[in-house]
Amino acid sequence: MKEKTILLVEDNPDDVELTLLAFRKNDISSKVVVANDGVEALDYLFGSGIHAGRDMNDLPAVVLLDLKLPKIDGMEVLARMREEEITRVIPVVVLTSSSEERDMMESYELGANSYIRKPVDFNRFTEAVKLIGLYWLHWNEPPPLARKGEN
Amino acid sequence: MKNRPDNRHVPSLPWFLEQRNIIIISLSVLLIISAATVFQYYGHDRKATEQFLRKDRNAAVMTSLILEERFQMIIKTMESYGNRLRMMEAVANRNEKKAREQLAGLKKELDDAESAAITDRQGTLWVGYPPAPEVQGKNFNRRDWYKGVSRKWKPYVSEVMPTANGEKNPLVVVSVPLTDNQGGVHGVLAIILRTARLGETIGRIPLDPGSFLSVTDQKGRLIYSSRRNPGKEIIPYPFYFMIDKPIPEGSQSVAVFEHSLDGRKNYVSYATVADKGWIIFIERSRRAIFLEERTHLIQLAAISILLFLVIFASLLYFRKRVLTQQVREQLQTHEELQASEMRFKELFDNMSTGVAIFRAVNDGEDFEIIDMNEAGQKCARLYTDFIGKTLCDVFPMVKETGIFEFFQEVWKTGRPVYHPTIFYHDGRLSVWTESHLYKMPSGEIVDIVNDVTERMKTEEMIFRQGRLLTAINSVFYEALMASGEEDVAKTCLDVAQDITGSKFGMIGEITPDGLFSTTAMSDPGWEACRIPEMQAVRMIMDMTIRGIWGQVILQDRPLIVNDPASYPDRVGLPEGHPPIASFLGVPLRERDKVVGMIAVANNESGYTEDHQHDLEALSVAFVEAMRRKSAEIKLQRMNVELDQQVSQRTALLTAANRELEAFSYSVSHDLRAPLRSINGFSRAVLDEYADKLDEAGKSYLERIHKATQRMDVLIDDLLNLSKVTRSEFQSDAVDLSRIFRALLKDRQKNDPDRVVDAIVADGIVVQADTRLMRIALDNLLENAWKFTSREALARIEFGSEVNDGRVFYFIRDNGVGFNETYSGKMFGAFQRFHSAADFPGTGIGLAIVQRIIHRHGGHVWAEGEVGKGATFYFTLA
Chain S
1 MKEKTILLVE DNPDDVELTL LAFRKNDISS KVVVANDGVE ALDYLFGSGI
51 HAGRDMNDLP AVVLLDLKLP KIDGMEVLAR MREEEITRVI PVVVLTSSSE
101 ERDMMESYEL GANSYIRKPV DFNRFTEAVK LIGLYWLHWN EPPPLARKGE
151 N
Chain G
1001 MKNRPDNRHV PSLPWFLEQR NIIIISLSVL LIISAATVFQ YYGHDRKATE
1051 QFLRKDRNAA VMTSLILEER FQMIIKTMES YGNRLRMMEA VANRNEKKAR
1101 EQLAGLKKEL DDAESAAITD RQGTLWVGYP PAPEVQGKNF NRRDWYKGVS
1151 RKWKPYVSEV MPTANGEKNP LVVVSVPLTD NQGGVHGVLA IILRTARLGE
1201 TIGRIPLDPG SFLSVTDQKG RLIYSSRRNP GKEIIPYPFY FMIDKPIPEG
1251 SQSVAVFEHS LDGRKNYVSY ATVADKGWII FIERSRRAIF LEERTHLIQL
1301 AAISILLFLV IFASLLYFRK RVLTQQVREQ LQTHEELQAS EMRFKELFDN
1351 MSTGVAIFRA VNDGEDFEII DMNEAGQKCA RLYTDFIGKT LCDVFPMVKE
1401 TGIFEFFQEV WKTGRPVYHP TIFYHDGRLS VWTESHLYKM PSGEIVDIVN
1451 DVTERMKTEE MIFRQGRLLT AINSVFYEAL MASGEEDVAK TCLDVAQDIT
1501 GSKFGMIGEI TPDGLFSTTA MSDPGWEACR IPEMQAVRMI MDMTIRGIWG
1551 QVILQDRPLI VNDPASYPDR VGLPEGHPPI ASFLGVPLRE RDKVVGMIAV
1601 ANNESGYTED HQHDLEALSV AFVEAMRRKS AEIKLQRMNV ELDQQVSQRT
1651 ALLTAANREL EAFSYSVSHD LRAPLRSING FSRAVLDEYA DKLDEAGKSY
1701 LERIHKATQR MDVLIDDLLN LSKVTRSEFQ SDAVDLSRIF RALLKDRQKN
1751 DPDRVVDAIV ADGIVVQADT RLMRIALDNL LENAWKFTSR EALARIEFGS
1801 EVNDGRVFYF IRDNGVGFNE TYSGKMFGAF QRFHSAADFP GTGIGLAIVQ
1851 RIIHRHGGHV WAEGEVGKGA TFYFTLA
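Heads up: the protein sequence lines correspond to chains S and G, in order. Using the numbering used here, you'd call the opening residue of the first sequence number 1 and step up by one each time. Using the numbering used here, you'd call the opening residue of the second sequence number 1001 and step up by one each time.
Written out as structure tokens, the structure is:
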């Protein structure tokens, strides 16, 4: 079985590091693609820009999406994903520092599959990441469309 | 009801009991009774007379029989003596001696014989006894006794004749013939009888008193009379010539008049003595009969009189009885009348309706008051000296009101008249009355009058008030439509003119500069009079010293001037101003300060206090309406400004909010991100590089780690605080009791070791935002929960109390309490009273509570004492 890809959209390198650290700590060995801003994330997802020509069959099993991003923010990324057929069913877990209701509501309305506030405490952050990984990579059955890329 | 004519009914007597008729009847009865009595009496008298006369006749017959018998006896005696032998012999022999013996024997036998004698056939006396020589040999053939006996030689009783010796009693001679055996007459035996002896016999015959018996001889000369004692003279019986002759056998009666005794009527009954020619008379005077019948007459009279008296008395009695009955009835009627009159008098006096009775005088020229009850007096305001006075006397203006015509109409036509409510006013009284007038059969006019002044006053007041209210209403209604204060003033003026019946008017205001400015004038025709703003200075200055209008403002009082021409402060009218006949001005006041004036003019009959009061009442509404309109305009202006301000501020606020949101967003993201890095990496160092650090290093890293955790909590709290402020407010009915119980349950679940005695009042339901109230209560409960954590018997109470009409909600605990000196600071953000070591917390909780309560328009405060627990109170708007 091919390794599942995780797309981590996060502009803060500390958070990227910590997230990756948490993956490591939890022995999640999936491929993690990091997008540092919304444009990068969309490029990756649609095979454009810097990711032009990439194998479009390789769609992430889950997108961990920060909301506050340079250039194109997380909401727009989410919105664009849900507009496009390819990415419409890819699970998106919003992983953000914001606990604003507004953000939560908007995310869900745009079709986020989950909303997780990043805990400040690292132990808890690690726990959260572990649970995300376990859930989305192991327990969750991805939509058939996404699986299509596997073939 | 004085001087009422007494027309009581006089009952009439039956005709026969009328006094005059009683006299006539009595007289008639008397006449009839008298006639009957007389008739009866005469009938009776006739019968009685007849009876008496029969009796007399019988007596006469009886007397004649007695006499006849007497004479028979005498004659028989004499004849027996004549037939004696010795007598015969003596006669034949003319033996005087023997004859005398015989005669003596005869005389002896006939004791009433005076003497006895014998004559011869020729009448010559030859023997007599007692012997009388003077007549011896005297021939008596001329004498009656001889003639009588010798006529047929039958015994004969002679006529009466006087005695020779003049003795009192007359004499009669009885003579019988002396015959022999062959019947030859030899002589005559005669005896002289004294009538006195006869009289004695006759006298023994019983006679009625008043009857007299007389006996006469053949020629009517008295022999005996029980009345008339015959003297020596032979007197004729006075009534002899009046009787029928020849005297019939039997008896007869006849009425005779005794002329000698004043022509008194007498009755004479008579009978003859058979063969002797003597006549028995029994006379009875009419008087005697009358006397005899007197008793009867008296009885009859008495009976008649009695009868008359009885009838008369009966009539009188009946009359009296009827009269008495009538008097009694009259008395009773009178009493009833009196009682009735009393009743009616009471009624009359006490009835609430006025009644007055009038009598027309001078052929309806005026009406005199006869009576008037109290209600009437009250109605007419007349209390003394009205009886006898006339309508025109007591109501000088009565002819001008129309009432008087009603009186005349009723008096003339007799038809009742109702004159409805009418206002009567003269110098003395002004009343509203309604009257019924009618004419009594007596011709008097009755006025039934009701004083409806109070009612009319009330009605008028209600009408006036209604009119005022309508006017005020219309002012406010018009004011709603009006585009400006001047339009309102115009409306007010129209209304004021209408209400006060004025021809024109004006409303003016004192300007802020103390000038007078006309806001509205009623007649567009006198634009000339309008005071331009520029001239107002001059006007107000003029008015301070003179002018009628000015007085209203200067003296701050309503002013009625119905005679402006003579008003001392008159200043004259501006050019073109119509003349003012009457004036009413009322100051317009606002908060007891004169702000202007409304004036109306030329009510035709002048202004009254009523007008003034109406206008005063209106003036308040006018000021209000005008002020309202000006306020409305001001408000509109201000609203526009405010709208602008609001939109400006809103824009600012929106911007600020946006900033705040951005800030909050930043805080959530940007503050947390480094914190997370610090936390994460410090943890990573601690985990991954612990072996490269000494204990102090680890400890420091640990502190860094802890600090980030606290910072995280702080950031959360701050975000919560800002959320509370920014969140939508949605008001609902919130059951605080239920929420508090739920919160307690949660807390107990999270902290199962705590034993807390929780007292939650039931049914505390408020109008609030559910979510916010839950946060507030949660914070307060958290507070209480936290500060009672060291109490062995923790007690937390939630309830409400009412004080001064306000509802307070409270959460009370028996925790560590606080120093009230600092209670003011309690609700500031990050204010903490206890060290984090003692009681962890950020000091944001109560700030959140305060914001929530403030957002509800309420207050929150705390009471407490160190060691004695705390109570948090809050109110909601």
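Beta carbons: idealized from backbone N, C-alpha and C, even for Gly. Please read all numbers here as calculations on a predicted model, not as lab measurements.
By the 10 Å Cβ neighbour count, where 16 or more other Cβ atoms means buried, how is G/Ala1877 classified, buried or exposed? Here residue 1877 of chain G refers to the residue found at position 877 when the second sequence is read from its first residue. Classification of G/Ala1877: exposed, given that the 10 Å Cβ count is below 16.
With DSSP collapsed to three states, give me the class of G/Asp1447. Here the question's residue 1447 of chain G lines up with position 447 in the second sequence. If DSSP states are grouped into helix, strand and coil, G/Asp1447 belongs with the strands.
Any beta-carbon of chain G closer than 8 Å to the one on S/Ser23? Indexing the first sequence from 1 puts residue 23 of chain S at position 23. Ser is not the amino acid found at residue 23 of chain S; the sequence shown has Phe there. So, not an interface residue.
Can you give the beta carbon distance from S/Thr19 to S/Leu8, rounded, assuming they're within the 8 Å contact cut? Looking up residue 19 of chain S in the first sequence gives position 19. Looking up residue 8 of chain S in the first sequence gives position 8. The Cβ separation is near 6 Å, so the contact holds.
Measure the alpha-carbon distance for G/Glu1533 versus G/Thr1470 and round it to whole angstroms. Along the second sequence, read from residue 1 onward, the residue named residue 1533 of chain G stands at position 533. Along the second sequence, read from residue 1 onward, the residue named residue 1470 of chain G stands at position 470. Annotation note: pLDDT 49 at G/Glu1533 (below 50); position unreliable, coordinate value reported separately. Between G/Glu1533 and G/Thr1470, the C-alpha separation is close to 33 Å.
Only counting the same chain, and skipping five residues up and downstream in sequence, which positions put a Cβ closer than 6 Å to that of G/Lys1138? Taking the second sequence and counting its residues from 1, one reaches residue 1138 of chain G at position 138. Residues of the same chain with a CB within less than 6 Å of the CB of G/Lys1138, apart from the 5 flanking positions on each side, are Leu1125 in chain order.
CB contact check: S/Asn26 to chain G, cutoff 8 Å: Here residue 26 of chain S is taken as the residue at index 26 of the first sequence, counted from 1. Cβ-Cβ to chain G under 8 Å: no for S/Asn26.
Could you tell me whether the segment 1288 to 1303 of chain G touches the segment 1039 to 1057 of chain G, using the rule of 3 or more Cβ pairs below 8 Å? Enough Cβ pairs lie closer than 8 Å, so yes.
Consider the C-beta atom of G/Ile1247 and the heavy atoms of the ligand SAM; say whether any pair is separated by less than 7 Å. This structure simply doesn't include the ligand SAM, nor any ligand for that matter.
Within-8 Å CB hit, S/Glu150 to chain G: On the first sequence, residue 150 of chain S is found 150 positions in, with the first residue counted as 1. Its pLDDT being 43, under 50, S/Glu150 is placed unreliably by the model, and nothing is read from it.
Measuring CB atoms only, is the segment 1015 to 1031 of chain G touching the segment 1264 to 1279 of chain G, in the sense that at least three cross pairs come out at less than 8 Å? Between the segment 1015 to 1031 of chain G and the segment 1264 to 1279 of chain G there are fewer than three inter-stretch CB-CB distances shorter than 8 Å, so the stretches are not counted as touching.
Between which two residues does the beta strand (DSSP E) holding G/Ile1333 run? Here residue 1333 of chain G refers to the residue found at position 333 of the second sequence. Note that residue 1333 of chain G is Thr in the sequence shown, not Ile. For G/Thr1333, no beta strand (DSSP E) segment is defined; the enclosing uninterrupted segment is the alpha helix (DSSP H) at 1286 to 1350.
Check for me: the beta strand (DSSP E) holding G/Phe1504 runs from which residue to which? Start at 1 with the first residue of the second sequence, and residue 1504 of chain G comes out as number 504. First-last of the beta strand (DSSP E) with G/Phe1504: 1504 to 1510.
Distance between G/Val1685 and G/Tyr1700 (C-alpha atoms, nearest Å): Within the second sequence, numbered from 1, the residue matching residue 1700 of chain G stands at position 700. Within the second sequence, numbered from 1, the residue matching residue 1685 of chain G stands at position 685. Computed Cα separation, rounded: 11 Å.
In whole angstroms, what separates the C-alpha of G/Met1539 from that of G/Thr1511? Here residue 1539 of chain G is taken as the residue at index 539 of the second sequence, counted from 1. Here residue 1511 of chain G is taken as the residue at index 511 of the second sequence, counted from 1. Bear in mind that the predicted position of G/Met1539 carries a pLDDT of just 48, short of 50, making it too unreliable to give a figure here.
Is it buried or exposed, G/Lys1629, if we count other Cβ atoms within 10 angstroms and call 16 or more buried? Position 629 of the second sequence, counted from the start, is the residue given in the question as residue 1629 of chain G. With 16 or more Cβ atoms within 10 Å of its Cβ, G/Lys1629 is classed as buried.
Nearest-angstrom Cα separation, counted from G/Leu1719 out to G/Thr1708: Taking the first residue of the second sequence as position 1, residue 1708 of chain G is located at position 708. Taking the first residue of the second sequence as position 1, residue 1719 of chain G is located at position 719. Roughly 16 Å separates the two Cα atoms.
Quick check on G/Asp1717 - is its C-beta less than 8 Å from some C-beta in chain S? Locating residue 1717 of chain G in the second sequence gives position 717, counting from the first residue. Not a single C-beta of chain S is nearer than 8 Å to the C-beta of G/Asp1717.
Between the beta-carbon of G/Thr1216 and the beta-carbon of G/Ile1279, is there less than 8 Å? Here residue 1216 of chain G corresponds to residue number 216 of the second sequence, with the count starting at 1. Here residue 1279 of chain G corresponds to residue number 279 of the second sequence, with the count starting at 1. G/Thr1216 places its beta carbon less than 8 Å from that of G/Ile1279.
Member of S/Ile72, S/Ala112, S/Ser30, S/Leu78 whose CA lies at the smallest distance from the CA of S/Lys130: As a position in the first sequence, residue 130 of chain S is number 130, starting the count at 1. Of all alpha-carbon atoms in S/Ile72, S/Ala112, S/Ser30, S/Leu78, the one lying nearest the alpha-carbon of S/Lys130 is that of S/Ser30.
Evaluate the contact criterion for the segment 1691 to 1705 of chain G versus the segment 1761 to 1774 of chain G: three or more CB pairs, one atom per stretch, below 8 Å. No contact exists between the segment 1691 to 1705 of chain G and the segment 1761 to 1774 of chain G.
Which whole-angstrom value describes the C-beta separation of G/Gly1484 and G/Ile1598, a residue pair presumed to lie in contact below a C-beta threshold of 8 Å? Looking up residue 1484 of chain G in the second sequence gives position 484. Looking up residue 1598 of chain G in the second sequence gives position 598. Going by Cβ atoms, the distance from G/Gly1484 to G/Ile1598 rounds to 18 Å, so no, they are not a contact pair.
At a Cβ threshold of 8 Å, is G/Asn1679 touching chain S? In the second sequence, the residue the question calls residue 1679 of chain G occupies position 679. G/Asn1679 has a beta carbon lying within less than 8 Å of a beta carbon in chain S.
Assuming contact is defined by CB atoms lying nearer than 8 Å, are G/Thr1272 and G/Ser1064 in contact in what I supplied? Sequence index remark: in the second sequence, residue 1272 of chain G carries index 272 (1-based). Sequence index remark: in the second sequence, residue 1064 of chain G carries index 64 (1-based). Less than 8 Å separates the beta-carbon of G/Thr1272 from that of G/Ser1064.
Please classify G/Ala1662: is it buried, with 16 or more other beta-carbons within 10 angstroms of its beta-carbon, or exposed? Along the second sequence, read from residue 1 onward, the residue named residue 1662 of chain G stands at position 662. With fewer than 16 other Cβ atoms within 10 Å, it is exposed.
What span of residues does the alpha helix (DSSP H) with G/Thr1475 cover, start to end? Taking the first residue of the second sequence as 1, we reach residue 1475 of chain G at position 475. Residue identity check: residue 1475 of chain G is Val in the sequence provided, not Thr. Segment 1453 to 1481, the alpha helix (DSSP H) holding G/Val1475.
G/Ala1565 versus G/Gly1606: straight-line alpha-carbon distance, rounded: In the second sequence, counting from the first residue as 1, residue 1565 of chain G sits at position 565. In the second sequence, counting from the first residue as 1, residue 1606 of chain G sits at position 606. Whole-angstrom Cα-Cα distance: 13 Å.
Tell me, to the nearest whole angstrom, how far the beta carbon of G/Ile1796 is from that of G/Ala1758; I am working on the premise that it is less than 8 Å. Within the second sequence, residue 1796 of chain G is the residue found at index 796, counting from 1. Within the second sequence, residue 1758 of chain G is the residue found at index 758, counting from 1. By a beta-carbon distance limit of 8 Å, G/Ile1796 contacts G/Ala1758. Their separation comes to about 5 Å.
Spatial distance of G/Phe1241 from G/Gly1220 (CA atoms): In the second sequence, residue 1241 of chain G corresponds to position 241, counting from 1. In the second sequence, residue 1220 of chain G corresponds to position 220, counting from 1. The straight-line gap from Cα to Cα measures roughly 8 Å.
Out of S/Leu137, S/Glu10, S/Phe23, S/Asp14, which has the shortest C-alpha to C-alpha gap to S/Thr126? Taking the first sequence and counting its residues from 1, one reaches residue 126 of chain S at position 126. Nearest in C-alpha terms to S/Thr126, of all of S/Leu137, S/Glu10, S/Phe23, S/Asp14, is S/Phe23.
Where G/Lys1439 falls, given that 16 or more other Cβ within 10 Å makes a residue buried: Position 439 of the second sequence, counting from 1, holds the residue named residue 1439 of chain G. Counting other Cβ atoms within 10 Å of its Cβ, G/Lys1439 reaches 16 or more and is therefore classed as buried.
Note down, in chain order, all residues in the segment 109 to 127 of chain S with a beta-carbon under 7 Å from any beta-carbon belonging to chain G. Sequence-ordered contacts of the segment 109 to 127 of chain S with chain G read Lys118, Val120, Asp121, Phe122, Asn123, Phe125 [C-beta pairs closer than 7 Å].
Closer than 8 Å to chain S by CB, G/Thr1725: What you label residue 1725 of chain G is simply residue 725 of the second sequence in a count that begins at 1. With 8 Å as the cut-off, G/Thr1725 does not count as an interface residue toward chain S.
Name, please, each residue of chain S whose Cβ falls closer than 7 Å to the Cβ of G/Leu1781. Taking the second sequence and counting its residues from 1, one reaches residue 1781 of chain G at position 781. Think of a sphere of 7 Å around the beta carbon of G/Leu1781: no beta carbon from chain S falls inside it, the nearest being about 22 Å out.
What residues in its chain sit with their C-beta under 7 Å from that of G/Ala1761, if we drop five residues either side in the sequence? For this step, residue 1761 of chain G is matched to residue 761 along the second sequence. Once the five neighbours on either side are set aside, the close Cβ partners of G/Ala1761 are Ser1737, Phe1798, Gly1799, Ser1800.
Looking only at its chain, what residues have a beta carbon closer than 7 Å to the beta carbon of S/Gly53, apart from the 5 residues adjacent to it on each side? Looking up residue 53 of chain S in the first sequence gives position 53. Setting aside the 5 residues that flank it on each side, S/Gly53 is surrounded in the same chain by Gly47, each with a C-beta closer than 7 Å to its C-beta; the list follows chain order.
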